[in-house]
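Trainee:
2 protein chains.
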Amino acid sequence: MDVREKLLTAALKVFEEAGSRGATTRRIASEAGVNEITLFRHFGSKAALMSEALACASAAPVENRLPAEPVDPARELLAWSHGGYAHLRRNAAMIRTAMGEMEQAPDAARCVAANPARVHEQLKAYLARLQERGLASTDWDPHAASSMLMGTLFSDAMGRDMMPEKYPYSEAEAPARYVLLFLRAIGVDAPAAHHPAEGSPLQDPERGSTHQRRRDP
Amino acid sequence: MDVREKLLTAALKVFEEAGSRGATTRRIASEAGVNEITLFRHFGSKAALMSEALACASAAPVENRLPAEPVDPARELLAWSHGGYAHLRRNAAMIRTAMGEMEQAPDAARCVAANPARVHEQLKAYLARLQERGLASTDWDPHAASSMLMGTLFSDAMGRDMMPEKYPYSEAEAPARYVLLFLRAIGVDAPAAHHPAEGSPLQDPERGSTHQRRRDP
DNA sequence: TGCCAATGTAAGCAACCACTTGCATACACC
DNA sequence: GGTGTATGCAAGTGGTTGCTTACATTGGCA
C-alpha cells in the first residue's frame, strides 16, 4: 500500500474518532506506521492532508439508484433505502464528526453535505414521478416526503451508535420498517409478495386485516 | 448575573462553536468577561466546568407533552412536534457538537442522548394507545413510527443549518408538513378544520380529492 | 477603621502542537 | 561504484494549552 494512501486513510480514521483538533500529525503518522516527517514531506501541511482525506472520503459514491421511470415503487424504494442506509452506517462516524465541526470548518461540512443534497433532489424527482404516473396519492408534497424518508434513515444511522437501546431492530431490517410506513404515507400499496424472505415478519400479525380509516365519522 | 452562571453559559457557547478541545479556558473566560483564574477558582478544572455546563444544559426540559389519553391525535401530534422541533432547533449547535465528540467523550454524548430516549418512549406509548383506542390503523409498529417522526424532525433541525437550500419551508411550518405525512402513515385522518389559520395552505390544492389507492390491480 | 472574601494582574511551568533543519540510512537504477 | 530518491532519527522552533504561584485591588461588613 502506498505511503500517501496509508496516510490518507489514517488521517480519516483519526479524524473520525478525535476530530480535526484531536487529529494530531503525530497520531496520524503513528496510525499510518510512518514517521511524522514523511507526512509533511508528502502533504506539506496538516490542513492539506486533512482536506484531501475528507474530499476523497466524501467523493465515494452512494450505490443506490432510483429508476428514471418507476415500475414497482415499493421494491424500488426499499432497495434505495437499503443502499442509502448502508452508506450512512458505513460513514456514520465521519459524518457525525464533520457535522460537529460545522461551525469551525464550514468547508468540510459543506463537502460532506453535498452528497445528501444531490440524493435528496433525486428522490424528490422520483416521488413526483410516482404522483404523475398515478402510482401514489397526489395529496402530499414530494419535497417534504423526501425529507421525511431521508431524515428517518439518517437519524437512525446516526443515533444507533449513541442510543443502541432505542433501535432494537437490526441494521438489516430497519430500513424496511421505515419504508413500510413511508409507503402508507404517500399512498402506495404495501409490497405484494415480492420479497417472500423478508416481507412477512416486518408487519404486525394482523397485517392489513384491520386497516380502517375513519372517514367523516 | 452570577459569575458562576456567566462562566457556565460562556462555556456552553464556546463549546457549541469550537468543541471541547477548542473551548480553551482562556476563551471561555474572555467570553464570560472574567479573568481566566476566576474560572479555576470556581470550578477547579476545565473538565469540571464543561461537565457541569453540559449537564445543566441538557437538563433543560422539553416543553412538549402528550396527553395520557389521546383525544384529537392530529392536533396533539402537531403540537407535540412543534414543541420538540423548537427545542431541537434551539439546541442544534450543542447537539451536533456533542454528537461529533461521541467517540472521545461518550459520557457527554450519553448525557445529551438521555432526553431523546425518554421522549421516544413517551411517543411510542402514545402511538400504541392510538391503536388501542381505534384512533389509528393497527397494521404498523409504534416503535418504528416513533423513530420515524422523531428522526424526521431531528434531521431537519440538524441539517437546516448545513443545507439551507434543502429546507425551503420555514421552521414554523416544517413540522406541520411532516406531521401531515405521518398521520397518513399511521392511518389517522388529516386534521379537520381545527386550525383554520394554518390548516389549509399546507396541503396541495387538490387536497383529498384524488386520494386513490390501487387495490389489487 | 480593619478584616475578609472575591476578583484581577503578572509571570511562569510543563506538556503538547505544527513544522523545520541537519544528517544518516536504504534501495533503485545507471 | 555513483547518484538520486524516499524514508527515518534526533533535535529544536515558536506558539498554545491547562493550570499554578505570588501579589495587588476592590468592596462589603463588623
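Residue numbers (the working numbering), protein chains in the order written: chain A, -18 to 198; chain B, -18 to 198.
Where a beta carbon is used, it is the ideal one built from N, C-alpha and C, also for glycine.
Since this is a predicted model, take the numbers as computed values, not measurements.
1) I'd like to check one pair, residue 140 of chain B with residue 204 of chain A: are the Cβ atoms closer than 9 Å?
2) Using a Cβ-Cβ cut-off of 9 Å, state whether residue 215 of chain B counts as contacting chain A.
3) Ends of the alpha helix (DSSP H) at residue 105 of chain B?
4) For a test of the three-state rule: what should DSSP assign to residue 129 of chain B, helix, strand or coil?
5) Residue 157 of chain A to residue 22 of chain B, Cα distance in whole Å?
6) Does any C-beta atom of chain A lie closer than 9 Å to the C-beta of residue 65 of chain B?
7) Going along chain B, which residues have a C-beta under 9 Å from residue 162 of chain A?
8) In whole angstroms, what is the alpha-carbon distance linking residue 37 of chain B and residue 31 of chain B?
9) Considering only the beta carbon of each residue, do residue 85 of chain B and residue -1 of chain A sit closer than 9 Å?
10) Use the C-beta contact count for residue 153 of chain B: other C-beta atoms within 10 angstroms, 16 or more gives buried, fewer gives exposed.
11) Can you tell me whether residue 52 of chain B is buried or exposed? The criterion is at least 16 other CB atoms within 10 Å of its CB, across all chains shown.
12) Could you check where the alpha helix (DSSP H) with residue 116 of chain A kicks off and where it finishes?
13) So the candidates are B:135, B:149, B:83, B:122; which of them puts its Cα closest to the Cα of residue 71 of chain B?
14) Within 10 angstroms of the Cβ of residue 132 of chain A, are there 16 or more other Cβ atoms? Answer buried if so, exposed if not.
15) Taking the Cβ atom as the reference point for each residue, do residue 63 of chain B and residue 149 of chain A lie within a distance shorter than 9 Å?
16) Can you pull the chain B neighbours of residue -1 of chain A, defined as C-beta to C-beta under 8 Å?
17) Is the region -17 to 3 of chain A touching the region 0 to 20 of chain B, taking contact as three or more C-beta pairs under 8 Å?
18) Mind reading off the beta-carbon distance from residue 81 of chain A to residue 82 of chain B? Whole number of angstroms is fine, and I expect it under 8 Å.
19) Within its chain, find whatever has a CB closer than 6 Å to the CB of residue -9 of chain A; leave out the 5 residues flanking it on each side and keep chain order.
20) Examine chain A for any beta-carbon lying closer than 9 Å to the beta-carbon of residue 24 of chain B, and answer yes or no.
21) Between residue 148 of chain A and chain B, is there a C-beta pair that is closer than 9 Å?
22) If you reduce the DSSP assignment to three classes, tell me which class residue 151 of chain B lands in.
23) Which word fits residue 167 of chain A, buried or exposed, when buried means at least 16 other C-beta atoms lie within 10 angstroms of its C-beta?
24) Starting from residue 19 of chain A and walking both ways along the alpha helix (DSSP H), at which residues does that stretch end?
25) Between which two residues does the alpha helix (DSSP H) harbouring residue 75 of chain A extend?
26) Suppose the cutoff is 8 Å on Cβ atoms and the five residues either side in sequence are ignored; what does the same chain contact list for residue 127 of chain B look like?
27) Any beta-carbon of chain A closer than 9 Å to the one on residue -18 of chain B?
28) For residue 69 of chain B, which of B:20, B:169, B:142, B:161 has the nearest alpha-carbon?
29) Do we get a CB-CB distance below 9 Å when we pair residue 90 of chain B with the residues of chain A?
30) Does DSSP put residue 143 of chain B in a helix, in a strand, or in coil?
31) Can you say whether residue 18 of chain A is buried or exposed, counting buried as having 16 or more other CB atoms within 10 angstroms of its CB?
32) Once DSSP output is grouped into helix, strand and coil, what is the label at residue 61 of chain A?
33) Interface residues of chain A around residue 107 of chain B at Cβ under 7 Å?
34) I'd like to know whether the C-beta of residue 68 of chain B is nearer than 9 Å to at least one C-beta of chain A.
35) What are the start and end residues of the alpha helix (DSSP H) that includes residue -16 of chain B?
36) Please confirm whether residue 2 of chain B has its beta-carbon closer than 9 Å to some beta-carbon of chain A.
Mentor: Short version:
1) Residue 204 of chain A lies beyond the stretch modelled for chain A, which goes from -18 to 198, so this question has no answer here.
2) Outside the displayed span of chain B (-18 to 198) sits residue 215 of chain B, for which this structure offers no information.
3) 87 to 113
4) helix
5) 54 Å
6) no
7) 121, 122, 125, 126, 129, 163, 166, 167
8) 10 Å
9) yes
10) exposed
11) exposed
12) Element bounds for residue 116 of chain A: n/a, residue is neither H nor E.
13) B:135
14) buried
15) no
16) 84, 85
17) yes
18) 6 Å
19) 9, 12, 13
20) no
21) yes
22) coil
23) buried
24) 17 to 24
25) 73 to 81
26) 101, 104, 105, 108
27) no
28) B:142
29) yes
30) helix
31) exposed
32) helix
33) In chain order: nothing, as chain A lies at least about 16 Å away.
34) no
35) -16 to 3
36) yes
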